[in-house]
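Residue 69 in my numbering sits at position 71 of the sequence shown, and the numbers go up by one each step.
Report on the structure given below.
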Amino acid sequence: LTYYTPEYETKDTDILAAFRVTPQPGVPPEEAGAAVAAESSTGTWTTVWTDGLTSLDRYKGRCYHIEPVAG
């Protein structure tokens, strides 16, 4: 799965959240943002029977905008 999707355009039905993240040295901001989105997603490491009932691409967390912040 790809959790960093800079081309994504938000919809009126989306739930938006902003996170302030300081990546470890050498980790690109896009990778850190994707990791936060993955942790905020609907996924699990375990295969469950409900996997086929929802559209993961529709409901997954995603990082689509990264903005540098001073401090």
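Beta carbons are placed, not taken as given, at the ideal position from N, Cα and C, and that holds for glycine.
query: Could you check where the alpha helix (DSSP H) with Y1 kicks off and where it finishes?
result: Taken as a continuous stretch (DSSP letters only), Y1 belongs to no alpha helix (DSSP H), as it is neither H nor E.
field: Neighbourhood of L14 by C-beta, 7 Å cutoff - its chain only, sequence neighbours within 5 removed
entry: T8
- prompt: Shorter than 7 Å from the beta carbon of V34 to some beta carbon of chain C?
  reply: No chain C is part of this structure, which consists of one protein chain only.
message: Give me the residue from D10, P27, V67 with the minimum Cα distance to P4.
response: Taking each of D10, P27, V67 in turn and checking the Cα distance to P4, the smallest one comes out for P27.
Given C61 as reference, the closest of A32, E37, V25, D10 once Cα atoms are compared: A32
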